[in-house]
Amino acid sequence: MRSLMTLVIPCYNEEKALPLFMEAVAPVRAALAAGEYDTGTGEVLVFDPCDTELIFADDGSTDCTLKFLREYHAADETVRYVSFSRNFGKEAGIYAGLKAAKGDYIVLLDADLQHPVEYIPVMYEALTSKTLAFPDGDGSVRGHYDSVAMFRNKRKSDGRVRAFFSKCFFRLINRLSGLHLVDGATDFRMMTRKMADSVLSMNEYNRFTKGIFNWVGYNTLWLPYDDAKRCAGDSKWTTAGLIRYGFEGIFAFSTKPLTIAFGLGIILCLLAVIYAVYTVISTLIFGNPVDGYPSIFTMVLLFGGIQLLFLGFLGQYMSRMYLETKHRPIYIMKESSEDK
Ligand code: UDP
Ligand code: MG
Numbered sequence: 002m003r004s005l006m007t008l009v010i011p012c013y014n015e016e017k018a019l020p021l022f023m024e025a026v027a028p029v030r031a032a033l034a035a036g037e038y039d040t041g042t043g044e045v046l047v048f049d050p051c052d053t054e055l056i057f058a059d060d061g062s063t064d065c066t067l068k069f070l071r072e073y074h075a076a077d078e079t080v081r082y083v084s085f086s087r088n089f090g091k092e093a094g095i096y097a098g099l100k101a102a103k104g105d106y107i108v109l110l111d112a113d114l115q116h117p118v119e120y121i122p123v124m125y126e127a128l129t130s131k132t133l134a135f136p137d138g139d140g141s142v143r144g145h146y147d148s149v150a151m152f153r154n155k156r157k158s159d160g161r162v163r164a165f166f167s168k169c170f171f172r173l174i175n176r177l178s179g180l181h182l183v184d185g186a187t188d189f190r191m192m193t194r195k196m197a198d199s200v201l202s203m204n205e206y207n208r209f210t211k212g213i214f215n216w217v218g219y220n221t222l223w224l225p226y227d228d229a230k231r232c233a234g235d236s237k238w239t240t241a242g243l244i245r246y247g248f249e250g251i252f253a254f255s256t257k258p259l260t261i262a263f264g265l266g267i268i269l270c271l272l273a274v275i276y277a278v279y280t281v282i283s284t285l286i287f288g289n290p291v292d293g294y295p296s297i298f299t300m301v302l303l304f305g306g307i308q309l310l311f312l313g314f315l316g317q318y319m320s321r322m323y324l325e326t327k328h329r330p331i332y333i334m335k336e337s338s339e340d341k
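Below, the structure written as structure tokens:
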């Protein structure tokens with residue numbers, strides 16, 4: 002029996018990008034159905050033919066995105082959509098898309114063609130290949146994969162400052178959380194039904210999908226891709242949004258900040274005891290006067306700052322616990338292509 006591949010595409014105000022996306026994806030779908038793809042570099046990939054379906058997760062768009070999706074579905078049953086009652090964020094869109102997906106293989110990709118659709122046959126071939134064309138550095142074959150994930154090897158679309166902070170973020174989160182996120186990792190990936198079900202089984206409210214993919218395990222093959230500029234429309238990210246996303250990743254997957262607070266607390270207590278003993282001895286034996294006002298002021302500020310910082314860490318975990326215990330739905334669906 003032919004396999005089915007589902008393309009899950011979260012969209013938020015993508016009326017400008019959607020027509021371009023549909024145009025770009027059509028030849029790729031045809032190639033997948035034919036079982037053959039010409040990469041344009043003289044290489045022809047051959048794989049088991051598979052059918053495809055598209056699932057758009059409309060994340061509460063306020064433009065004509067939903068209207069377009071209704072039209073696409075009316076013209077082609079294999080194009081489906083779910084539409085939220087408001088903007089719930091891309092992570093919620095991914096979750097809803099995975100839930101609605103029927104495919105044996107599932108691909109996540111953005112609507113703005115920054116995740117070039119031409120890589121889909123390459124990913125499919127790598128995931129289903131029986132010849133295992135990707136040997137490790139030492140020549141050994143790595144075995145069977147459950148997921149093919151793409152990382153950007155050139156950051157064409159990012160400014161230098163964003164690229165720098167992104168690199169720092171990946172280092173920091175790997176160090177703190179024990180996850181192994183590849184620098185430049187994106188949400189562009191293909192996975193098997195099994196892995197998608199595992200991702201769905203993690204129904205936490207605070208979703209950091211990059212971490213979830215890593216946490217569920219399975220064998221992932223990382224392939225580099227050349228990033229493209231957004232085809233139309235604007236990026237939904239603000240600098241503040243990116244910083245929030247970074248902290249979300251750290252607090253969702255690591256409790257190390259609490260351990261650091263604990264460790265630093267112990268060290269400071271020890272230092273305080275040593276300093277107290279030193280002050281008593283030096284006053285009793287040498288009659289030294291106690292250090293003056295500026296040093297006390299500095300210490301009060303320093304310790305006040307440290308205490309507030311770690312209280313803030315604690316608050317971050319508590320606020321997440323608070324939201325999780327409410328068991329709110331990850332998204333609210335207002336309409337879908339399945340509605341009669
Ligand atoms: N997106 C979404 N909900 C949001 C923000 C973004 O579904 O609240 C979608 C968006 O339509 C796009 C993808 O997520 O398909 C990536 O967004 P964007 O291009 O703005 O991010 P960037 O590529 O700049 O990181
Ligand atoms: Mg984009």
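In case it helps, the working numbering puts the sequence shown at residues 2 to 341. Yeah, the Cβ is synthetic: ideal placement off N, Cα and C, and Gly gets one too. If you're wondering where the values come from, they're calculated on a predicted model, not measured in any experiment.
Using a threshold of 7 Å, is the CB atom of S236 nearer than that to any non-hydrogen atom of the ligand MG?
yes
7 Å Cβ shell around L99 - same chain, five flanking residues per side excluded:
V9, I107, A197, V200, L201
Rounded to a whole number of angstroms, what is the C-alpha to C-alpha distance between E205 and F89?
14 Å
Whole angstroms are fine: how far does the CA of V281 sit from the CA of R208?
53 Å
Heavy atom of the ligand MG less than 7 Å from the Cβ of R163, yes or no?
no
To the nearest angstrom, how far is it from the Cα of Y279 to the Cα of I261?
27 Å
Residue range of the unbroken beta strand (DSSP E) whose run includes A58:
51 to 59
Mind checking who I244 pairs with in its DSSP beta bridge?
None; I244 has no bridge partner.
Return yes when the C-beta of R71 is under 7 Å from any heavy atom of the ligand MG, and no when it is not.
no
Can you tell which of V29, T66, D39 has the C-alpha that lies nearest to the C-alpha of E54?
V29
How should P11 be labelled, buried or exposed, when 16 other C-beta atoms within 10 angstroms of its C-beta is the threshold for buried?
buried
What I want to know is whether the C-beta of R153 ends up closer than 7 Å to one or more non-hydrogen atoms of the ligand MG.
no
Return the residue from the list M334, M151, H74 that minimises the CA-CA distance to D227.
M151
For a test of the three-state rule: what should DSSP assign to A233, helix, strand or coil?
coil
In terms of alpha-carbon separation, which member of F85, L46, D77, T79 lies closest to E336?
F85
Who are the Cβ neighbours of Y73 in its own chain at under 6 Å, not counting the five residues just before and after it?
V80
If you run the structure through DSSP and keep just helix, strand and coil, what is F209?
coil
Is it true that the CB of F48 sits closer than 8 Å to the CB of A112?
no
Contact belief for S338 with Y82 at Cβ below 8 Å, rounded distance in angstroms
5 Å
In terms of residue numbering, what span does the alpha helix (DSSP H) encompassing V274 cover?
257 to 287
Proximity test, A229 beta-carbon vs the ligand UDP heavy atom, cut-off 7 Å
no
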